[in-house]
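Structure, as structure tokens:
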């Protein structure tokens, strides 16, 4: 099997930076008065290399997969919920369906490795690697070949979306047990203490959280020779098929010049892997929110991220992306449509 060729996004060309800044500063407002929206407008204009950016055919991809480690009781919900929730997505009944409909995003649901079949649901794209990963307590979650396959399939899903003319992509996930995988990735790739990486996930009580921490410590002890400086080895050992496909999708989308909306803890962990593989991916990413999941603030700090929202979300599914998308629209709209001092006949000194 051919090895996955890591897409390397182009570093942003800053030639237009001065002109973008001038355009923003000439709007009928005090300097910096639109705060983080101004930063967002600068970013979109630089990613698209234009003074008049546009958001075209926005999509949101949700990758779903099961985790063998869920058998160790690291989640408040049973593993069957992954399959059930994918069916809920296909039926249009989940939170992400509601928010995508509300804000005009096209939702695509991808089976990256969920136990059970969705043959009766043509709306679910089949990119299944296997019926869930292996239990990382007893060996690597996936083989190196499976990890490579997942990265390729994630990139291929983006190619399909790009063919529609999409230039802005939200990325989310579903998978019982995947906050455990994300916590292990964060710990191994950053050195953050494990206890600070582990959160309550789907709502564990204090006893459940203590058990989760103990299980993850045992998982780490089961892989004493793992090279923590090798992001693909760490991903294969502890990750999930949905996380690996997210990583491939992020790298490919940035290579194509898309703007990426990053969701919460799990999606950010996938980006952490992508960033370790290709640091130039980061300027293409908009961080939709800071999750209530324990490790997410630490992960955002490592990435140097400034999230748009802090709503206490911990649902996943890409919900933060869909909720933040109107802010992206607002940033583009003010840059394109707001009057300048000159066009409005307003003196800048009077604002």
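Numbering (my numbering), first residue to last: 682 to 1032. The C-beta atom is built at its ideal place from N, Cα and C for all residues, glycine as well.
| Query | Result |
| --- | --- |
| Residue 700 versus residue 723 - alpha carbon distance | 10 Å |
| Local conformation of residue 966 per DSSP, three classes | strand |
| Residue 890 (DSSP reduced to helix, strand or coil) | helix |
| Secondary structure, beta strand (DSSP E): runs of 3+ residues fully inside the segment 717-764 | 740-746 |
| Inter-residue Cα distance where the pair is residue 950 and residue 966 | 13 Å |
| Alpha-carbon to alpha-carbon, residue 704 and residue 1032 | Any answer about residue 1032 is weak, because its pLDDT of 44 lies below 50 and its placement is not dependable; what the coordinates show is given next. Distance between the alpha carbons of residue 1032 and residue 704 is about 16 Å. |
| Where the alpha helix (DSSP H) through residue 793 begins and ends | From DSSP, residue 793 is part of no alpha helix (DSSP H) but of the beta strand (DSSP E) over 787-794. |
| The segment 807-819 touching the segment 775-790, judged by at least three CB pairs closer than 8 Å | no |
| For residue 1033: DSSP bridge partner residues | Only positions 682 to 1032 of the chain appear in the structure, and residue 1033 is not among them; the question remains open. |
| Beta bridge counterpart(s) of residue 806 as assigned by DSSP | 791 |
| Whole-angstrom C-beta distance between residue 975 and residue 880, which should lie under 8 Å | 3 Å |
| Length of the line joining the Cα atoms of residue 799 and residue 786 | 23 Å |
| Proximity to residue 818 [Cα-Cα], best of 749, 914, 765 | 749 |
| Contacting residues, own chain, Cβ-Cβ under 8 Å from residue 768 (five flanking each side not counted) | 799, 802 |
| Residues of its chain near residue 912, where Cβ-Cβ distance is below 7 Å and the 5 sequence neighbours each way are ignored | 870, 954, 957, 958 |
| Between the CA atoms of residue 875 and residue 820 - distance to the nearest angstrom | 19 Å |
| Nearest-angstrom beta carbon gap, residue 742 and residue 834 [assumed within contact, 8 Å] | 12 Å between Cβ atoms; not a contact. |
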